[in-house]
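Q: What follows is a single structure, and I will ask about it in a moment.
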Amino acid sequence: MNLKELKNRHQALKDIVRQAYKNYVPDLRLRLYKKEKLRIKMLLDKENQTTH
Numbered sequence: 025m026n027l028k029e030l031k032n033r034h035q036a037l038k039d040i041v042r043q044a045y046k047n048y049v050p051d052l053r054l055r056l057y058k059k060e061k062l063r064i065k066m067l068l069d070k071e072n073q074t075t076h
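Numbering (the working numbering), first residue to last: 25 to 76.
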């Protein structure tokens with residue numbers, strides 16, 4: 025994934041997690057979304073550190 029795709033996916037996961045809390049989605053499913061979101065965030069942070 026390129027940087028733009030990662031940012032878009034991170035935003036989409038952020039929205040999914042927010043909506044999941046409102047609709048009481050089971051913890052197991054929510055945990056998977058949060059793990060993916062965290063993994064993408066770490067990739068984005070790593071990418072920002074290498075460019076600066």
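Yeah, the Cβ is synthetic: ideal placement off N, Cα and C, and Gly gets one too. Since the model is a prediction, treat every value here as computed from it, not as a measurement.
From this set, K38, K31, E29 and I64, which residue's C-alpha is nearest L54's C-alpha?
A: Of K38, K31, E29 and I64, the residue nearest in Cα terms is K38.
Q: Would you check if the region 61-73 and the region 27-44 touch, i.e. whether three or more CB-CB distances between them fall below 8 Å?
A: These segments touch.
Q: Determine the contact status of R78 and I64, defining contact as a CB-CB distance below 7 Å.
A: Residue 78 is absent from the model: the chain starts at 25 and stops at 76.
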